[in-house]
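In terms of our numbering, the sequence shown opens at residue 21 and continues consecutively. Backbone N, C-alpha and C fix where the C-beta goes; we use that ideal spot for every residue, glycine too. A quick note: this is a predicted structure, and the numbers were derived from the prediction, not measured. Data first, discussion second: the structure below is written as structure tokens.
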Amino acid sequence: MGAYQKDVLSDFYDSLAIKYEKRGASRKYYHNQLSKLLRFLIPPAMHVLELGSGTGNLLSSVNPKNGVGIDSSRGMNAYAKKKHPALNFIFANLETYVHTKKYDYVILSDTVDVLDDVLLVLKNTQKALKRDSRVIITYYNNLWQPVINFAENFGFKDRARVHNWFSKDDLKNLLYLAGYDVISTGQICLLPVYIPVISTILNKYCSELPILKRFCFIQYIVSRSAPKPFLRKSSVSVIIPTWNEVGTIDTAIKTIPVMGSGTELIFVDNHSTDGTKEKIEEYMTVYKNKNIKLIMQIQKKGKAVAVYQGFDSAKGDIVMILDSDLTVQPKELPKFYDAIVDGKGEFINGCRLVYPMEEKSMQTINYIGNKFFSMTFSWLLNQPVKDTLCGTKVLTRHSYEKIKAGREYFGNFDPFGDFDLLFGASKLNLKIVDMPIRYKERTYGDTKIHRWQHGLLLLKMCVYAYKKLKIRW
């Protein structure tokens with residue numbers, strides 16, 4: 021951007037700062053919609069940087085532990101400092117500012133719409149990112165260009181000095197060129213002005229519906245810095261929930277491979293009556309060179325309880341779930357480990373629906389149910405997930421701790437643990453990646469799945485997820 025153009029743009033926003041209090045009411049509804057979105061995407065007490073921070077209202081709305089705003093308008097910065105003294109505001113050029121600190125989240129809200137060189141700003145922003153940082157970009161839907169032009173021409177909206185009308189693909193390409201990995205995209209706000217009842221119906225209940233969502237005024241993209249391999253070997257904890265699986269314990273202990281810098285096996289037993297607990301204790305004595313732990317499940321129901329207990333006891337950098345029926349074989353686990361440490365994903369989800377299955381490994385009705393729920397949850401999670409019900413899931417312990425910290429938002433709704441983890445990962449915008457595995461027949465005991473009872477429960481969970489992830493009740 022030339023010096024003259026930068027000065028004109030800065031002067032324009034200085035003039036906006038002077039009259040912002042008078043014009044604020046007309047923009048309040050729109051900014052409330054933005055604030056709700058950002059509060060959903062950003063947990064409280066994070067280190068947050070906003071580029072193009074303007075009045076500082078959006079930055080303040082996410083309740084940061086450390087909030088920093090950078091803007092090229094002296095007037096806007098002065099206004100923001102006065103209104104939000106607990107936050108730090110910097111007057112600087114976004115293209116040339118030298119970032120010396122790292123942040124959990126970086127916000128560019130409507131900023132790309134007025135930048136001269138978006139690619140340069142995105143590249144420069146890389147210096148402010150940690151490995152697990154997220155960059156959130158909101159921008160106007162280019163389908164609204166005629167409406168915006170009309171509003172500016174007739175004085176209903178302040179005329180912008182620069183206006184980029186990016187499509188989603190334009191911004192995804194710019195992010196790719198700048199070294200980012202797009203995690204999810206979305207949209208809100210079919211009607212950016214408040215009309216009683218109508219605005220609530222359209223924006224809360226209709227904005228995520230097929231076809232209609234294409235017309236939402238606010239578009240957003242969540243991305244991370246392009247993944248890099250871990251710099252050191254990571255330790256692993258394999259969580260194995262058990263309930264009357266004595267016939268598989270020998271195979272599990274003998275065939276789970278050592279991964280990374282070391283692997284611990286954590287069996288969480290749900291008070292088995294077939295000798296499972298005793299068999300594990302026997303092998304703990306026989307295989308003293310293996311790091312084996314046995315935990316008794318506190319509550320006598322639900323795999324989720326066992327998974328949480330195992331995760332809470334884990335010492336490894338990476339935590340894995342392996343169902344004790346061994347229908348997913350232990351030899352598959354190194355694939356999950358590699359995907360995590362290579363940075364391919366942050367939540368690696370096993371997928372049984374790619375390779376052909378053995379004849380009795382999954383009944384037809386279960387297969388159809390999995391297909392239905394995979395399509396439904398891919399829509400709910402804003403990321404493709406082909407097999408939600410595969411028990412093998414892998415993530416870092418650090419990511420699990422963040423999911424656990426945000427569990428109150430969803431509540432105690434999932435007896436399996438699969439959806440609690442998936443929903444939590446989605447809300448945190450962890451990169452979810454499917455890992456194809458070969459699904460084998462059970463060799464011992466009976467399935468613990470009661471398909472009709474659990475199928476109805478999963479339908480209820482779909483509705484619950486729609487409320488929490490889409491209309492955000």
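Taking Cβ to Cβ, would you say I208 is nearer than 8 Å to C236? yes
Which runs of the beta strand (DSSP E) at least 3 residues long sit entirely within the segment 340 to 392? Give them in chain order. 367 to 371
Only counting the same chain, and skipping five residues up and downstream in sequence, which positions put a Cβ closer than 7 Å to that of K101? F109
If we ignore side chains and look at the alpha-carbon of each, how far apart do F331 and M340 end up? 9 Å
G426 versus K310: straight-line alpha-carbon distance, rounded: 34 Å
Would a C-beta distance cut-off of 8 Å place I338 and V414 closer than the cut-off? Yes; because the gap between Cβ atoms is below 8 Å, this pair is in contact.
Closest to K323 by C-alpha separation, out of T305, R151 and D345, would be which residue? If we check each option's Cα against that of K323, D345 comes out closest.
Assuming G444 is part of the alpha helix (DSSP H), what are its boundary residues? Looking at the DSSP string, the run of the alpha helix (DSSP H) that includes G444 is D438 to K447.
Taking one C-beta from the segment 258 to 266 and one from the segment 163 to 178 each time, how about it: are there three or more such pairs within less than 8 Å? Remark: fewer than three beta-carbon pairs, one from each stretch, lie closer than 8 Å, so the segment 258 to 266 and the segment 163 to 178 are not flagged as touching.
When the Cα atoms are used, what is the spatial distance from F397 to V405? The C-alpha of V405 is placed about 7 Å away from the C-alpha of F397.
For my contact list, H67 and P84 are in at a C-beta cut-off of 8 Å; report their separation, rounded to the angstrom. 7 Å
Can you tell me whether T305 is buried or exposed, with buried defined as 16 or more other CB within 10 angstroms of its CB? Exposed.
Can you tell me where the beta strand (DSSP E) with Y160 in it begins and where it stops? L149 to Y160
I'd like the list of long-range same chain contacts for I423, defined as Cβ closer than 7 Å, with 5 residues on each side in sequence excluded. L441, G444, A445 and L448
My assumption, with CB atoms under 8 Å, is that T131 sits in contact with L71. Please give the rounded CB distance. 6 Å
Less than 8 Å separating the beta-carbons of L197 and L139? yes
Within 10 Å of its beta-carbon, does P64 have 16 or more other beta-carbons around it, so buried, or fewer, so exposed? exposed
Exposed unless 16 or more other CB atoms sit within 10 angstroms - verdict on T293: exposed
When you compare each of V483, Y49, K351 and K364 to F393 by their alpha carbons, which one comes out closest? V483
Across the segment 188 to 205 and the segment 241 to 251, are there enough close Cβ pairs to call them in contact, namely three or more that are closer than 8 Å? When C-beta atoms of the segment 188 to 205 are compared with those of the segment 241 to 251, three or more pairs fall below 8 Å, so the two segments count as touching.
Cβ atoms of K253 and S219: under 8 Å apart, would you say? no
Per DSSP, what are the beta-bridge partners of H418 in this structure? H418 is not bridged to any residue.
Going by C-alpha distance, which of K391, F439, Y99 and G365 is nearest V374? Answer by Cα proximity: K391.
Would a C-beta distance cut-off of 8 Å place L142 and L194 closer than the cut-off? yes
Within 7 Å: the Cβ of C209 and any heavy atom of the ligand COA? The model on display carries no ligand, and the ligand COA is accordingly not part of it.
Cα-Cα separation, Y117 to I62: Each residue's alpha carbon lies about 24 Å from the other.
So, with DSSP's three-state summary, where would you put T396? helix
Contacts around A45, its chain only, beta-carbon distance under 6 Å, and the 5 residues preceding and following it disregarded: In this prediction, A45 has a pLDDT of 48, which is less than 50 and means its spatial position is unreliable; what the coordinates show is noted afterwards. Its chain contains no residue whose beta carbon lies nearer than 6 Å to that of A45 once the 5 sequence neighbours on both sides are disregarded.
Residue range of the beta strand (DSSP E) that includes V327: Premise fails: V327 lies in the alpha helix (DSSP H), K323 to S333, not in any beta strand (DSSP E).
For P249, three-class secondary structure by DSSP: coil
Could you spell out where the beta strand (DSSP E) holding Q165 opens and where it closes? Looking at the DSSP string, Q165 is not in any beta strand (DSSP E); the run it does join, the alpha helix (DSSP H), is Q165 to N173.
Does the segment 92 to 99 come close enough to the segment 71 to 80 that 3 or more CB-CB pairs lie under 8 Å? yes
Starting from V306, follow the alpha helix (DSSP H) in both directions and report where the run begins and ends. T296 to V306
Can you tell me which of the three DSSP states F430 falls into? DSSP places F430 in coil when its eight states are reduced to three.
C-beta contact flag for V327 and Q317 at 8 Å: no
Classification of R372 by the beta-carbon crowding that lies within 10 angstroms, buried from 16 upward: Burial call: buried.
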